[in-house]
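>
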Amino acid sequence: MVGIGVVDGIAIQKVFIYDNAPCDEHQREYLGADKETARLFTAIETAKDQLTRTAEKLAREIGSDKAEIIEYQINILCDKVFTDKILRNVESGSACEDAVKTTCTEYYEIFNNLDNDYLQQRKIDIIDIQVRLLDILNGRKSISALGSSTIVAAEDLTPSQVAEMELKSVKGILLEKGGRSSHSVIIAQSFGIPCIIGLRGLLNKLDECGTVIMDGKTGDVIINPPAELLADYRGKLDRETKNKKKLEAYISKAPITPDGVQINVYANIASAAEARMSLENGGEGVGLFRTELLYMGFSETPSREAQFKTYSRIAKDLGSKPLIIRTLDVGGDKEIAYLGIEKEANPFLGYRAIRYCLDHESLFKDQIAAVLQAAKYGNIKLMFPMISTMDELMKAKRLVNETKAELLSQGTEFADIPIGMMMEAPAAALMADAFAQHVDFFSVGTNDLIQYLFAADRNNDKVSHLNSYYHPALFRCVNAICTAALKHEIEIDICGHAGEAPDLIPIWIAMGISGLSVSIPSIPLVKKIICETRAKDARELLDKVLQFNTSGEVKEYLNTINGRMQAYDTGAIGSTQ
Ligand code: PEP
Ligand code: MG
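For the sequence shown, my numbering assigns the number 564 to the last residue and increments by one with no breaks.
(1) Could you have a look at P309 and say whether DSSP puts it in helix, strand or coil?
(2) How about I406 and A362: do their beta carbons lie closer than 7 Å?
(3) Going by beta carbon distance, what residues of the same chain come within less than 6 Å of L436, once the five residues before and after it are set aside?
(4) Grab the span of the beta strand (DSSP E) containing K1 for me, first residue to last.
(5) Are A311 and K368 closer than 7 Å when you measure CB to CB?
(6) Starting from the N-terminal end, write out each residue whose C-beta falls within a distance shorter than 5 Å of any non-hydrogen atom of the ligand MG.
(7) Under three-state DSSP, which class holds F429?
(8) Over the uninterrupted beta strand (DSSP E) stretch that includes V(-7), give me the two end residues.
(9) Do I130 and Y5 have their beta-carbon atoms positioned less than 7 Å apart in this structure?
(10) For the putative contact between I510 and G269, defined by C-beta atoms under 8 Å, what is the C-beta separation to the nearest angstrom?
(11) Is Y95 helix, strand or coil by DSSP?
(12) What does the alpha-carbon distance come out to for the pair F535 and E543?
(13) Mark K158 as exposed unless 16 or more other C-beta atoms lie within 10 angstroms of its C-beta, in which case mark it buried.
(14) Return the residue from the list F285, V387, R263, V465 that minimises the CA-CA distance to P508.
(15) Find out if the Cβ-Cβ distance for the pair A34, L121 is shorter than 7 Å.
(16) Which residues mark the beginning and the end of the beta strand (DSSP E) in which A254 is found?
(17) Is P213 helix, strand or coil by DSSP?
(18) By alpha-carbon positions, which one of K204, G165, V118, S177 ends up nearest to D143?
(19) Please report the straight-line C-alpha distance between D480 and M373, rounded to a whole angstrom.
(20) Distance check for T244 and D225, CA to CA, integer angstroms please.
(21) Around the C-beta of T288, are 16 or more other C-beta atoms found within 10 angstroms, so that it is buried, or is it exposed?
(22) Could you check if G134 belongs to the surroundings of the ligand PEP, using beta carbon to heavy atom distance under 6 Å?
(23) Are the beta-carbon atoms belonging to G206 and I183 less than 7 Å from one another?
(24) Whole-angstrom Cβ separation of F428 and I468, contact assumed at under 8 Å?
(25) Please return the same chain residues whose Cβ sits closer than 6 Å to the Cβ of A471, not counting the five positions on each side in sequence.
(26) Classify D490 as helix, strand or coil using the three-state DSSP reduction.
(27) Indicate, with yes or no, if the ligand PEP has a heavy atom lying under 6 Å from the CB of G318.
(28) Considering only DSSP beta bridges, list what S451 is partnered with.
(29) Is G206 near the ligand PEP - that is, is its Cβ less than 6 Å away from at least one heavy atom of it?
(30) Can you give me the C-alpha to C-alpha distance between K1 and R291, rounded to a whole angstrom?
(31) So, for K53: in the same chain, excluding its five sequence neighbours on each side, which residues have a beta-carbon less than 6 Å away from its beta-carbon?
(32) Take the Cβ of N100 as the centre, count every other Cβ of all protein chains shown within 10 Å, and call the residue buried at 16 or more, exposed below.
(33) For the ligand PEP, any of its heavy atoms closer than 6 Å to the Cβ of G483?
(34) Which stretch, first to last residue, makes up the alpha helix (DSSP H) that contains S265?
(35) Where in the region 329 to 386 do unbroken runs of the alpha helix (DSSP H), each at least 4 residues long, occur, reported from the N-terminal end onward?
(36) Please confirm whether any heavy atom of the ligand PEP lies closer than 6 Å to the CB of R615.
This is the structure we're talking about:
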């Protein structure tokens, strides 16, 4: 099969087929009180086990001592009143599945009718518990229980499902759906996990005992390969590993072009563990800390203290290197159940990111306060996502000032920090000149900018040919943003994925960017390309590509002048307008 390769790399492994469709609703046959009781207790113990493992993982990665997201659920599963209720239903003739559903529905109603906001939100935990117990009773494997080295195959994966996986065991991800810039793919990138999307019909063709070869560069998936092909790919994998080893020489190199232009290479991260990984890979700081995962790691909005702990810990780990913390970018494909955001027909065009935060001032101010307080421990900057109008920026800045005044009046220590904004809405890009007068830096989010420029959902594989990094419309747009930033002498980084496309790096350098914030595994390669690119030659290249009309022309040109690098995205050359 051939899909769309979105994270490079070869994997040769057995697959873990992750079935995450909701369990069917049909009633089960009753096996008698003894057998049903035994099934119930086994399921409860398994659920506790899974949750404990996830708690430990989150504590390690997010750095929260309590991993509150699940502590509460473990408590419910240990609660005798809860388990006795299910047991009574079993004893009066219900199969475990029905008994679990009846009890959870009862609890859900109780929580739902409570006056207290905090307790009302616990209904989400009840749903989670019900789903987990039913999955176990139906013999469905948990994503948290992957064996060692495996390729995960699924219809699609939500960011929180990816967060639950033990990523060290995942050697590859294959998705029937998925989008090039979906957040699950972004997490795969951070961990250097090869990934292919758009593999319609894949799950029906797989069997878990067989071996699968996947090539994230070409999008090829070979199920049960013959011995010859297997040997061939083992050779490729070997060369890939050796190439990666060679790149390690760049980990300690300063990214400066041969004609003396310095470009900072930062990392995109979503957790404290990734901040440490980024340093090991030669990152010069964090250009984008996606804080959504931190919020997903809790069963309610993380407190100011919990956030402070994570932010200050990362800031300390980075020392004097910058840490750009982006305020909560919830919405789109990043759902956080406890925030209770209604489902929308067009979530990427809807109530997300700054739009949500400006309506939820206390949540927003808590995050800002935690960032300001943590800023005493390192080189922190604050960044707002999805700004599309000046009113939004002004209101966000006003809330920062109000937060500072509140901290002052409470006698709480904090540090003043630079404030920047993502450039990912076309309206903001068109007004870059005005925005540049009100912020300390821009960071271009090409993942969203491209989807909005081309009106093509970043998660929809059917329109992924439009989500091309190579279209001259994108270059014109980013170039205009850079021109405004340079005119007003503010820093301009790119943190979207197009920023690390190897053959596009000279183009970004020519535009005058100050830094590239990239996925952690890409840091050494990005540094190498910077070290080998003369800024003067890059400017000639930019002049040329700005004259083209299609992404096909751009790719063809880049391929001819630069045989050593291949077009980075796998959309067919010439297929876009
Ligand atoms: C982007 O849109 O390019 C970006 C970096 O933000 P995110 O992918 O988190 O939306
Ligand atoms: Mg974005």
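Glycine is no exception: its CB is placed at the ideal position from the N, C-alpha and C atoms.
Considering the structure as presented:
(1) For the purposes of this step, residue 309 is taken as residue 322 along the sequence shown, with counting starting at 1. DSSP places P309 in strand when its eight states are reduced to three.
(2) Position 419 of the sequence shown, counting from 1, holds the residue named residue 406. Position 375 of the sequence shown, counting from 1, holds the residue named residue 362. Going by C-beta atoms, I406 is not nearer than 7 Å to A362.
(3) Looking up residue 436 in the sequence shown gives position 449. Hits under 6 Å: E411.
(4) Translated into the one-based positions of the sequence shown, residue 1 becomes position 14. Per DSSP, K1 belongs to the beta strand (DSSP E) from -3 to 5.
(5) Position 324 of the sequence shown, counted from the start, is the residue given in the question as residue 311. Position 381 of the sequence shown, counted from the start, is the residue given in the question as residue 368. The question names Ala, but residue 311 in the sequence shown is Ile. In this structure, I311 sits near K368, with a CB-CB distance shorter than 7 Å.
(6) E411, G432, D435
(7) By one-based count along the sequence shown, residue 429 stands at place 442. Looking at F429 - three-state DSSP - the assignment turns out to be strand.
(8) On the sequence shown, residue -7 is found 6 positions in, with the first residue counted as 1. Here the beta strand (DSSP E) through V(-7) covers -9 to -6.
(9) By 1-based counting over the sequence shown, the position of residue 5 is 18. By 1-based counting over the sequence shown, the position of residue 130 is 143. Yes. Within cutoff.
(10) As a position in the sequence shown, residue 510 is number 523, starting the count at 1. As a position in the sequence shown, residue 269 is number 282, starting the count at 1. With a Cβ gap of about 5 Å, I510 and G269 count as contacting.
(11) Here residue 95 refers to the residue found at position 108 of the sequence shown. Reduced to three states, the DSSP call for Y95 is helix.
(12) Counting from 1 along the sequence shown, the entry for residue 535 is found at position 548. Counting from 1 along the sequence shown, the entry for residue 543 is found at position 556. Rounded to the nearest angstrom, the two C-alpha atoms are 11 Å apart.
(13) Indexing the sequence shown from 1 puts residue 158 at position 171. Buried: at least 16 other Cβ atoms inside 10 Å.
(14) Position 521 of the sequence shown, counted from the first residue, corresponds to residue 508. Checking every option, the nearest Cα to that of P508 belongs to R263.
(15) Sequence index remark: in the sequence shown, residue 34 carries index 47 (1-based). Sequence index remark: in the sequence shown, residue 121 carries index 134 (1-based). Against a cut-off of 7 Å, the Cβ pair of L121 and A34 comes out as no contact.
(16) Taking the first residue of the sequence shown as 1, we reach residue 254 at position 267. Per DSSP, A254 belongs to the beta strand (DSSP E) from 251 to 256.
(17) Walking along the sequence shown from the start, residue 213 turns up at place 226. Here P213 carries a coil assignment [DSSP, helix/strand/coil].
(18) Working through the sequence shown from its first residue, we reach residue 143 at position 156. Considering only alpha carbons, the answer is G165.
(19) Against the sequence shown, residue 480 aligns to sequence position 493. Against the sequence shown, residue 373 aligns to sequence position 386. Roughly 15 Å separates the two Cα atoms.
(20) Mapped onto the sequence shown, residue 225 falls at position 238. Mapped onto the sequence shown, residue 244 falls at position 257. A direct Cα-Cα distance of roughly 30 Å separates D225 from T244.
(21) By one-based count along the sequence shown, residue 288 stands at place 301. T288 is buried by the Cβ-count criterion.
(22) Indexing the sequence shown from 1 puts residue 134 at position 147. Answer for G134: no, Cβ out of range of the ligand PEP.
(23) For the purposes of this step, residue 206 is taken as the residue at position 219 of the sequence shown. For the purposes of this step, residue 183 is taken as the residue at position 196 of the sequence shown. Result yes, Cβ atoms of G206 and I183 sit closer than 7 Å.
(24) Your numbering for residue 428 matches position 441 in the sequence shown. Your numbering for residue 468 matches position 481 in the sequence shown. Between I468 and F428 the Cβ distance is about 12 Å, and since that is not below 8 Å, they are no contact.
(25) Working through the sequence shown from its first residue, we reach residue 471 at position 484. So the list reads A419, D420, A423, once near-sequence residues are dropped.
(26) Along the sequence shown, one-based indexing puts residue 490 at 503. D490: helix per DSSP, three-state reduction.
(27) In the sequence shown, counting from the first residue as 1, residue 318 sits at position 331. Result no, Cβ not under 6 Å from the ligand PEP.
(28) Reading the sequence shown from its first residue, position 464 is the one you call residue 451. DSSP lists no partner for S451.
(29) Against the sequence shown, residue 206 aligns to sequence position 219. Checking the Cβ of G206 against the ligand PEP gives no.
(30) The sequence position of residue 1 within the sequence shown is 14, counting from 1. The sequence position of residue 291 within the sequence shown is 304, counting from 1. Distance between the alpha carbons of K1 and R291 is about 43 Å.
(31) Here residue 53 is taken as the residue at index 66 of the sequence shown, counted from 1. Caution applies to K53, whose pLDDT of 47 falls short of 50 and renders its modelled position unreliable; the value that the coordinates give is listed next. Excluding positions up to five away in sequence, the list is empty.
(32) The residue labelled residue 100 in the question sits at position 113 within the sequence shown. It counts as exposed.
(33) On the sequence shown, position 496 is the one that residue 483 refers to. Yes, Cβ of G483 sits closer than 6 Å to a heavy atom of the ligand PEP.
(34) Stepping through the sequence shown from its first residue, residue 265 is reached at position 278. Element bounds for S265: 259 to 267.
(35) Taken in chain order, the whole alpha helix (DSSP H) runs of length 4 or more contained in the region 329 to 386 are 341 to 346, 348 to 361.
(36) Summary: the structure shown does not reach residue 615, with the chain confined to residues -12 through 564, and so no result is reported for it.
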